[in-house]
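Residue numbers (my numbering), protein chains in the order written: chain X, 2 to 343; chain E, 2 to 343. Even for Gly, the Cβ is constructed at its ideal location relative to N, Cα and C. The structure appears right after this line, and notes come after that.
Number of protein chains: 2
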Amino acid sequence: MKPKRQSAKISDVARVAGVSQAAVSRVMRGDESFVVREETRKRITDVARELNYQPNPAARGLRTSRSLSLGIVVPELDNPIHAKIIIGAERAAAERGYSLLIAHRDDAMQETAIYERLVHRNRVDGLIVATLQDEHGGVRALKDLDHPFVLVNRKARGVEHHVVINDRGGSKRAVTYLAELGHQRIAHLSGSPVRYNSICRLEGYREGLLEAGLDFDPGLVVEAGYTMAGGAAAMRRLLDSAQPRPTALFASTLMVAAGAMGVLRDAGVRIPGDMSIIGFNDGAIADVLAPPLTTVRTPLENMGYLAASSLINHIQDGGHFAGAMLKDVEIVERKSTAPPGG
Amino acid sequence: MKPKRQSAKISDVARVAGVSQAAVSRVMRGDESFVVREETRKRITDVARELNYQPNPAARGLRTSRSLSLGIVVPELDNPIHAKIIIGAERAAAERGYSLLIAHRDDAMQETAIYERLVHRNRVDGLIVATLQDEHGGVRALKDLDHPFVLVNRKARGVEHHVVINDRGGSKRAVTYLAELGHQRIAHLSGSPVRYNSICRLEGYREGLLEAGLDFDPGLVVEAGYTMAGGAAAMRRLLDSAQPRPTALFASTLMVAAGAMGVLRDAGVRIPGDMSIIGFNDGAIADVLAPPLTTVRTPLENMGYLAASSLINHIQDGGHFAGAMLKDVEIVERKSTAPPGG
DNA sequence: ATGAGTTGGTAAAACGTTTTATCAAATGAC
DNA sequence: GTCATTTGATAAAACGTTTTACCAACTCAT
């Protein structure tokens with residue numbers, strides 16, 4: 002009992018229902034300005050369902066010059082952070098009848114070429130830029146395209162439409178958490194000093210210290226980048242230089258935390274006995290570390306969701322979107338944090 | 002010096018170049034059966050470049066009833082395994098001028114509904130099914146759609162077009178590796194006994210034992226599922242029941258290995274001193290475990306690549322694709338394996 | 001009975017390609 | 001000089017929607 006697969010067109014529906022194509026089109030799209038007898042409406046929808054009518058997106062797109070698709074461009078798709086963003090975006094898109102076209106940017110490619118291709122060749126209705134790489138060139142290229150877009154997990158000068166998480170507040174929260182456990186010397190393994198998220202996290206770190214009445218010691222902040230190796234190297238530098246040794250550590254990334262933990266383990270520094278550690282952004286990796294890592298969880302998936310849905314709003318209504326920050330942050334307590342001394 | 006963004010159409014190119022639309026269309030698509038003076042051809046391509054002409058996909062799709070898009074449906078997008086598959090598929094698609102439409106299947110949804118939507122509403126030219134969930138219902142639904150598709154990382158009875166990695170060979174390789182280190186009692190934490198990959202891996206485990214001249218002991222195989230909790234529970238059962246205790250362990254998954262390692266650590270079993278561990282499929286998690294996990298690496302990205310490109314071949318030539326297995330496997334030695342006793 | 005609104009539709013022209021069927025001019029064979 | 005063939009194009013008809021412009025039939029106040 003294989004269902005009918007020949008795709009019915011609007012003219013078939015019209016013929017069977019005994020009305021014009023125009024009537025079918027307008028009823029099917031729920032055109033409010035179209036007055037029609039209830040009886041006719043029902044006849045049309047019944048026939049459409051009966052015939053399993055699905056509008057042909059190419060024909061519709063040709064006529065309306067809308068593709069009902071969004072492009073999302075991500076670097077490092079295998080980074081779970083981005084995966085979560087995509088999941089959220091896909092959900093929002095699906096709910097609104099849009100489809101999500103994915104473009105993975107590998108390091109070789111010019112990011113501007115990807116934007117260009119998505120807009121100009123694929124004719125997506127809007128672009129979700131999940132992590133802009135080159136702030137100047139990228140934003141320039143995006144604006145030149147003159148097409149709706151939203152920045153996600155990143156802000157840039159001159160771009161209003163963006164959705165970010167609470168990097169600053171979450172970091173502050175992490176530091177506050179450590180301070181409340183009783184830690185006085187709290188170090189920070191930071192990311193790159195030019196990347197938006199890292200800057201915010203460093204700010205949050207400083208704010209947290211300030212609020213806890215602790216001094217900011219530049220010697221306790223070291224740049225670790227985003228990799229495990231970077232985290233390890235930074236941790237070694239910190240162990241060598243910081244006197245007295247910190248009792249707690251706020252790592253800007255899970256991988257950085259993992260690298261740091263390896264070094265500490267090798268150095269015989271017990272976690273959390275001698276050193277508490279907390280990482281930013283939650284993920285499966287936190288669970289598998291030894292000990293499992295306490296983290297600050299942020300609504301990554303919601304960030305993707307909001308980005309896509311606000312972009313669709315903008316596409317549909319032309320409305321202005323001021324940019325948003327998803328404030329929620331939550332400490333996920335695991336085993337890597339404790340009061341100083343254990 | 003913003004480049005011209007008004008999209009030029011074929012008629013513009015034709016007018017400027019002083020030829021007909023047909024000529025432009027055929028030259029631009031490289032239609033071999035169209036004989037044309039070299040001079041005219043050059044004039045057309047020059048004008049097209051000049052005007053930055055890009056064919057409108059909706060118009061083209063309407064006429065040709067092809068969308069030049071592929072749908073990929075994945076469960077658990079945040080599982081790095083699937084991310085790698087997507088990366089490969091995206092690369093293949095981009096190379097061939099196709100775009101990749103992503104559909105994330107969350108647990109709530111009927112998988113058949115997703116296939117249906119992609120084919121019937123989005124009109125993708127083909128479907129990449131990255132991990133079929135319900136073998137019977139899913140395959141039935143796919144076949145009923147009567148549309149090109151490829152199964153990736155999974156085989157199913159009655160489906161020829163699939164691309165898989167060498168689950169069996171890789172598992173055998175893992176066991177051989179452990180045996181060559183001198184281990185005699187090698188346990189296996191397996192996945193679900195009904196899932197294709199798990200079945201293959203179990204087979205490979207048995208073959209590896211056989212070839213190494215070791216007996217298969219059913220008491221050394223325990224079902225762990227795919228999660229960390231599952232791995233932990235299975236490991237506990239194994240510690241309780243297996244006498245004498247195994248000296249090595251082959252885990253079907255990174256997360257399962259992670260769960261097992263946690264239990265071993267708590268039980269005071271040293272890795273690799275008292276127990277060597279090797280996991281299937283490589284990934285970032287292997288590096289952050291303590292100790293870093295030895296794994297067997299498989300070409301996941303290539304699997305995605307081959308799936309997409311063979312699907313495109315099939316769509317374009319109607320050719321038959323027999324199914325493929327990517328044989329390569331490679332042991333990535335880290336710190337979790339050693340000869341028995343340390 | 002006439003004119004002005006309403007109600008409930010319809011006809012047909014786009015949208016930008018691809019492709020089929022044709023055709024004019026040039027060439028070559030007789 | 002005519003007839004076939006080749007070369008190098010073209011005109012125009014789809015493809016399946018959406019939407020603009022129009023209309024016929026009623027109702028209702030005058």
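Please report the straight-line C-alpha distance between residue i and residue j, rounded to a whole angstrom.
i         : j         : result
Ala258(E) : Ile115(E) : 32 Å
Arg6(E)   : Arg122(X) : Caution is warranted here: a pLDDT of 47 is assigned to Arg6(E), below 50, making its placement in the model unreliable, and the coordinate value is therefore given only provisionally. If you take the alpha carbons of Arg6(E) and Arg122(X), they lie about 12 Å apart.
Gly320(E) : Ser311(E) : 9 Å
Asp216(E) : Ala175(X) : 52 Å
Gly19(E)  : Arg64(X)  : 27 Å
Gly263(X) : Ala234(X) : 10 Å
Met326(E) : Ile166(E) : 5 Å
Asp267(X) : Gly171(E) : 32 Å
Glu181(E) : Leu203(E) : 19 Å
Lys328(E) : Cys201(E) : 13 Å
Ala49(X)  : Lys173(E) : 55 Å
Ala59(E)  : Ser26(E)  : 15 Å
Val223(X) : Pro247(X) : 13 Å
Met2(E)   : Ala157(X) : Because Met2(E) carries a pLDDT of 32, less than 50, the predicted location of this residue cannot be relied on, and the following value inherits that uncertainty. Taking the straight line from one Cα to the other gives about 22 Å.
Pro273(E) : Arg196(E) : 29 Å
Pro4(X)   : Leu101(X) : Bear in mind that a pLDDT of 37 at Pro4(X), under 50, signals an unreliable position, so the model cannot answer this.
Ala131(E) : Pro341(X) : 47 Å
Arg38(E)  : Arg30(E)  : 16 Å
Ser337(X) : Gly62(X)  : 54 Å
Pro245(X) : His184(X) : 13 Å
Indicate whether residue i and residue j have their beta-carbon atoms separated by less than 8 Å.
i         : j         : result
Ala243(X) : Gly220(X) : yes
Ala15(E)  : Ala9(E)   : no
Asn282(X) : Thr299(X) : yes
Ala249(E) : Leu179(E) : yes
Gly127(E) : Val140(E) : no
Ile129(X) : Ala309(X) : yes
Ala142(E) : Gly192(E) : no
Ile45(X)  : Val28(X)  : yes
Glu112(X) : Arg106(X) : yes
Leu255(E) : Ala230(E) : no
Ile73(E)  : Leu78(X)  : no
Gly260(X) : Gly232(X) : yes
Gly305(X) : Val125(X) : no
Asp108(X) : Leu52(X)  : no
Ile103(X) : Glu40(E)  : no
Ala323(X) : Leu239(X) : no
Pro149(E) : Ile316(E) : yes
DSSP three-state call for residue i: helix, strand or coil?
i         : result
Gly72(X)  : strand
Leu290(E) : coil
Leu215(E) : coil
Ala18(E)  : helix
Val257(E) : helix
Arg6(E)   : No answer about Arg6(E) holds up, because its pLDDT of 47 lies below 50 and its placement is not dependable.
Ile200(E) : helix
Asp79(E)  : coil
Asp13(X)  : helix
Ala268(X) : coil
Gly209(X) : helix
Arg246(X) : coil
Gly284(X) : coil
Gly263(X) : helix
Gly274(X) : coil
In terms of residues, what are the limits of the alpha helix (DSSP H) holding residue i?
i         : result
Ala230(X) : 229 to 242
Glu33(E)  : It is not in any alpha helix (DSSP H) - Glu33(E) carries neither H nor E in the DSSP assignment.
Pro58(E)  : 58 to 65
What residue range does the beta strand (DSSP E) around residue i cover?
i         : result
Gly280(X) : 277 to 281
Leu190(E) : 187 to 191
Leu250(E) : 249 to 252
Glu224(X) : 222 to 224
Requested in this report: Write down every uninterrupted run of the beta strand (DSSP E) in the stretch 96 to 183 of chain E whose length is 3 residues or greater and which is fully enclosed by it, in chain order.
Outcome: 100 to 106, 127 to 131, 150 to 153, 163 to 166
Query raised in the report: Taking only runs of the alpha helix (DSSP H) that begin and end inside the stretch 286 to 341 of chain X, which ones reach a length of at least 4 residues, in chain order?
Result: Taking 4 residues as the minimum length, the alpha helix (DSSP H) runs contained wholly in the stretch 286 to 341 of chain X are 301 to 318, in order along the chain.
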